Structure formats: C-alpha cells, structure tokens
C-alpha cells in the first residue's frame with residue numbers, strides 16, 4: 207500500500223513481492239506507484255509544507271516525539287517485522303530499533319547546534335542567523351537498516367520543517383508500512399510524510415520532479431553514482447549520498463589473540479556482512495603472531511553450526527541475486543590471483559544462507575577495489591606498520607577503518623594517516639555514535655550526510671546584518 211495525504215491506497219504500477227530471505231516465504235505483496243501517484247505524493251507534500259514549516263519548532267518536535275513513543279511501545283512487533291523481512295537475528299533486529307530510538311534526542315540537539323538561529327552584537331550592528339526548510343525532501347531507504355537509516359534522514363528533515371516523500375527498499379515494504387502507521391498515529395498533518403513504493407523509475411522520477419528540493423539517499427556506490435549523474439542537471443537541489451565502504455581492519459602489536467579474533471569476527475560477519483561499515487579487508491603482520499590470529503579466526507568460522515536457525519550468529523543474504531553476486535565476487539577474486547583460505551558456499555537446504563569466506567589477497571598483482579556486501583574477509587599480510595596503513599588506504603572508498611592493538615601510540619598516528627570518516631580502536635568497525643557525524647570520503651559518499659551532521663542537509667542559512675539609522 208502507498209501512503210499519500212494520510213490515506214492508504216494501492217499502487218497502480220507493477221506487482222512486486224517481499225520474501226523472508228531465510229525461508230523464501232512470500233511475506234508481503236503489492237504494487238509499485240505509477241507516475242501519477244508519484245506526482246500526487248509530491249503535490250501532497252508540497253501543499254502541506256507551508257503549514258508544517260510555519261509551525262513552531264516545539265510544535266513539530268512534540269508530534270515527532272509521539273512517533274518515537276509509539277515506536278518504543280511497539281518495539282517487539284517492529285523487531286519481528288525487521289527480522290522477517292531482512293533475515294536478521296532477533297537480537298540484531300532489536301538493536302536496530304534501539305538505535306532508531308536514540309535518533310530523536312541527537313537530531314534535536316543537532317538542529318540546535320548545526321542550524322537553528324542566533325543573534326550577535328557587533329558594535330552598532332547586529333548579525334542574525336536563521337535557517338529555513340527547503341520544502342519537499344525525498345528519502346530513499348536501504349534494505350539493511352529499513353527503520354534506522356531512513357529515519358536518520360526523515361527525523362532531522364521534519365524537525366527543520368521539511369515535508370517528505372519516502373521510497374523504501376523494494377525488499378522491505380512491510381517494515382516501511384508499519385513505520386508509516388506509527389507516523390500516522392503520531393498525528394502528523396496530512397501530507398507531511400508520504401510513502402510510495404517503486405524501483406529505479408520512481409527514484410529517477412523523484413530526482414527530476416520540479417517540486418522536489420532534495421534527495422537523501424542511502425545505498426551502494428553504483429546506484430549513488432547514477433543518482434549523482436541525474437542530479438547534476440539540478441544543481442539547485444540538495445543531494446546527500448550515504449554510500450558504501452571497502453573497510454580495512456588492521457591488527458598490530460597485540461598478544462591478545464582471542465580478543466582480537468572476537469572483534470574481527472563481529473566486524474566482518476555481523477548481519478552477514480550487510481552493513482556499510484563491516485570490515486572487508488583484514489591486515490595482519492607477516493609474523494607468526496599474524497598467522498596465529500588467522501588460524502584462530504579460521505577455526506572460529508569452521509565451528510559455526512547451521513543446523514538450528516535460532517542459534518545462527520547472523521542471518522542470510524537479502525535475496526538470491528545478492529547470494530549469486532556474493533559467490534561470483536569470490537570467484538572473481540580467485541581468478542585475479544587471490545588464494546582461498548575458506549571458500550564460501552551456500553548452506554544446503556537454505557534459501558540465502560551462506561558460509562563466511564576468507565580470501566588471501568597478499569599475492570595479488572592488482573587489488574580489486576569494490577565493495578562486497580556479504581560475509582567475506584580479504585586477508586593481507588604486511589611487513590611493517592607503515593605498509594599496513596598504506597594497504598588500508600589502498601581504496602577509493604573511505605567510510606570506516608579500525609585498529610586492534612595494545613599500543614595506544616599507534617592509534618594516534620593511525621587516525622592522522624587513515625582515510626576514513628569512522629575510525630575505531632580496539633572495537634568493531636561497525637561501531638558508530640549518533641552524537642557524531644557519520645559518513646566518509648571518496649566513493650563512500652559526499653562526506654557527512656548522516657549522523658549528527660544530517661541536519662546540515664535539511665535547512666539553508668539566512669544571514670542578516672542589521673544597522674540602525
């Protein structure tokens with residue numbers, strides 16, 4: 207179902223279905239929006255903008271708080287929906303809801319600190335800074351965090367006085383609809399948020415629509431690049447690109463092998479590697495200690511059991527297409543000269559569950575710098591710490607990076623030299639705080655479109671100078 211002008215209506219575009227990626231069961235089916243419904247959603251958001259943007263900030267936040275209170279009360283059913291549609295374990299899905307709930311206060315604080323208003327006296331003159339909403343903002347969400355990441359854009363956009371047309375991932379329409387039910391119950395005025403389902407054509411339509419003032423996107427570099435090409439014809443529109451990563455995790459100067467392996471394992475394989483901050487490349491010292499760490503990691507992976515779904519550490523890949531692409535990526539690396547340590551395979555009798563992959567890329571003549579969204583870790587042995595940092599930076603991406611070490615001084619230099627926006631020390635690469643900016647450089651997007659700096663994309667400054675006659 208689509209949600210336009212606070213009314214539910216069936217899509218009039220092509221039929222699509224959502225499947226449980228662990229079992230292959232169809233859990234939802236409906237239709238995409240067509241062009242006229244996209245236009246109706248845009249006009250509904252545009253019509254409601256004047257009223258919503260002229261409400262006081264306190265009045266807007268009061269309604270937004272109701273949504274978050276409803277989400278907290280409905281944490282369990284939302285967790286179940288996320289788990290069903292993404293294949294995440296219950297604990298993983300529950301942590302997404304918890305992370306979403308933490309968005310509210312961070313977003314309110316970010317609005318006040320990053321935007322808001324202020325006045326200053328400069329002698330006989332007074333300066334005034336205010337921020338205004340853009341108008342209709344489009345939000346395009348991903349499948350891997352279907353609640354957390356869209357609301358990371360929706361909430362700051364609403365606080366700033368924008369109205370929304372939201373297009374969720376085609377893989378998670380059920381989560382999106384439940385989320386919209388909660389926004390509806392929170393009492394948002396008609397048209398402030400509208401939701402439409404769709405694929406590539408709908409995203410292109412959102413970009414090009416004359417009423418659209420900006421697009422807030424979370425997804426892959428490949429899709430982000432296509433969107434950027436379209437939006438190049440509209441330099442007046444805001445574009446926030448939160449893209450992927452080919453994230454390095456360096457392990458150096460540590461004898462705590464078990465602790466290191468625990469961090470490596472979770473960094474690479476949580477959510478079956480379907481997080482943009484997951485470790486993709488493991489850089490180890492070319493020593494006996496480095497080889498011991500790899501051997502222990504291999505042993506840990508081999509000990510995994512797939513007999514009982516309730517005991518899985520991580521879930522399946524999102525779709526058969528994703529599974530095929532993951533295995534094809536593995537084969538390509540091997541053809542390019544990488545050596546298989548543990549070759550991933552599809553778990554017999556499962557729909558999209560695959561075993562983790564360990565690939566030694568040390569001897570490759572040319573690196574293959576692409577993001578692989580799955581449970582794969584490429585291992586590289588470095589002779590010196592300088593070599594390790596150089597290899598960590600050997601990527602066009604720049605999202606996340608991590609260092610595991612007992613030498614804190616190494617981290618001081620690591621943070622100065624590493625090209626990444628999210629850097630962790632003796633923690634998983636997936637660790638990030640909503641109280642800080644989130645994003646990266648290079649192919650990882652246009653700097654800090656998420657986290658604390660998301661507010662920057664949602665309002666524009668009006669600077670005034672006042673002088674008495």
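Residue numbers (our numbering): 207 to 675. For glycine and all other residues, C-beta sits at the position ideal for the given N, C-alpha and C. Quick caveat, the model's predicted, so the values are computed rather than measured.
(1) Within a Cβ cutoff of 8 Å, which residues of the same chain sit near residue 436, ignoring the five residues on either side of it in sequence?
(2) Taking the DSSP output, what are the residues bridged to residue 337?
(3) Which of helix, strand or coil does DSSP assign to residue 656?
(4) Could you give the DSSP three-state label for residue 380: helix, strand or coil?
(5) Checking the sheet assignment: what are the DSSP bridge partners for residue 448?
(6) Does residue 265 pass the burial test, meaning 16 or more other C-beta atoms within 10 Å, or should it be called exposed?
(7) What do you get for residue 622, buried or exposed, if any count of 16 or more other CB atoms within 10 angstroms of its CB means buried?
(8) Check each candidate in 333, 382, 330, 332 and name the one with the smallest Cα separation from residue 348.
(9) Return the CA-CA distance between residue 651 and residue 359, expressed in angstroms with no decimal places.
(10) Could you name each continuous beta strand (DSSP E) segment of 3 residues or more that falls completely within the segment 535 to 594, going from the start of the chain to the end?
(11) With DSSP as the reference, identify every bridge partner of residue 606, one or two as the case may be.
(12) Determine the contact status of residue 606 and residue 588, defining contact as a CB-CB distance below 9 Å.
(13) Given that a residue counts as buried once 16 or more other Cβ atoms are within 10 Å of its Cβ, and exposed if not, what is residue 488?
(14) For residue 695, which residues from the same chain have a beta carbon less than 7 Å from its beta carbon, with the 5 sequence-adjacent residues on both sides left out?
(15) Which of helix, strand or coil does DSSP assign to residue 274?
(16) When burial is assigned at 16 or more other CB atoms within 10 Å of the CB, is residue 609 buried or exposed?
(17) Is DSSP giving residue 207 helix, strand or coil here?
(18) Quick check on the burial criterion: 16 or more other C-beta atoms within 10 angstroms. Buried or exposed for residue 393?
(19) Closer than 7 Å by C-beta to residue 497: which residues in its own chain qualify, once you throw out the five before and the five after it? Chain order, please.
(20) In the structure shown, what three-state DSSP assignment does residue 372 receive?
(21) Let me confirm a value: residue 571 is counted as buried when at least 16 other C-beta atoms fall within 10 Å, else exposed. Which label applies?
(22) With contact counted as at least three CB pairs below 8 Å, one residue from each stretch, are the segment 218 to 233 and the segment 550 to 557 in contact?
(23) Three Cβ pairs or more, each shorter than 8 Å: is that satisfied between the segment 499 to 509 and the segment 318 to 336?
(24) Find out if the Cβ-Cβ distance for the pair residue 151, residue 594 is shorter than 9 Å.
(25) Classify residue 630 as buried or exposed, calling it buried when 16 or more other Cβ atoms lie within 10 Å of its own Cβ.
(26) Of the residues 534, 404, 369, which one's Cα is nearest the Cα of residue 377?
Once the coordinates are examined:
(1) Within the chain shown, numbered from 1, the residue matching residue 436 stands at position 230. Contacts found: 410, 413, 414.
(2) Residue 337 sits at position 131 when you count from the first residue of the chain shown. DSSP lists 667 as partners of residue 337.
(3) Along the chain shown, read from residue 1 onward, the residue named residue 656 stands at position 450. Three-state DSSP puts residue 656 in a strand.
(4) As a working note, residue 380 is residue 174 in the chain shown. Helix at residue 380.
(5) The residue given as residue 448 occupies position 242 in the chain shown. The partner list for residue 448 (beta bridge, DSSP) reads 424, 651.
(6) Within the chain shown, residue 265 is the residue found at index 59, counting from 1. Its Cβ having fewer than 16 others within 10 Å, residue 265 is exposed.
(7) Stepping through the chain shown from its first residue, residue 622 is reached at position 416. It is exposed - the Cβ of residue 622 has fewer than 16 other Cβ atoms within 10 Å.
(8) The residue you call residue 348 lines up with position 142 of the chain shown. The residue with the shortest Cα to Cα distance from residue 348 is 382.
(9) Along the chain shown, one-based indexing puts residue 651 at 445. Along the chain shown, one-based indexing puts residue 359 at 153. Straight-line Cα distance between these residues: approximately 15 Å.
(10) 545 to 548, 563 to 566, 582 to 588
(11) Residue numbering aside, residue 606 sits at position 400 when the chain shown is read from its first letter. Residue 606 is bridged to 628.
(12) As a position in the chain shown, residue 606 is number 400, starting the count at 1. As a position in the chain shown, residue 588 is number 382, starting the count at 1. Cβ distance not < 9 Å, so residue 606 and residue 588 don't count as in contact.
(13) Within the chain shown, numbered from 1, the residue matching residue 488 stands at position 282. It is buried - the Cβ of residue 488 has at least 16 other Cβ atoms within 10 Å.
(14) Summary: the structure shown does not reach residue 695, with the chain confined to residues 207 through 675, and so no result is reported for it.
(15) Position 68 of the chain shown, counted from the first residue, corresponds to residue 274. The answer is helix: DSSP assigns residue 274 an H, G or I state.
(16) In the chain shown, counting from the first residue as 1, residue 609 sits at position 403. When all chains shown are included, residue 609 counts as buried.
(17) Within the chain shown, residue 207 is the residue found at index 1, counting from 1. Residue 207: coil per DSSP, three-state reduction.
(18) As a first step, residue 393 must be located in the chain shown, where it is residue number 187. With fewer than 16 Cβ atoms within 10 Å of its Cβ, residue 393 is classed as exposed.
(19) Counting from one through the chain shown, the residue named residue 497 turns up at place 291. There are no such residues.
(20) Within the chain shown, the letter at position 166 stands for residue 372. Reduced to three states, the DSSP call for residue 372 is strand.
(21) Residue 571 sits at position 365 when you count from the first residue of the chain shown. Exposed, since its Cβ has fewer than 16 Cβ neighbours within 10 Å.
(22) yes
(23) no
(24) The structure shown does not extend to residue 151, since the chain is modelled only from 207 to 675, so the question has no answer here.
(25) Here residue 630 is taken as the residue at index 424 of the chain shown, counted from 1. Residue 630 is buried by the Cβ-count criterion.
(26) What you label residue 377 is simply residue 171 of the chain shown in a count that begins at 1. Residue 377 has its Cα closest to that of 404, out of 534, 404, 369.
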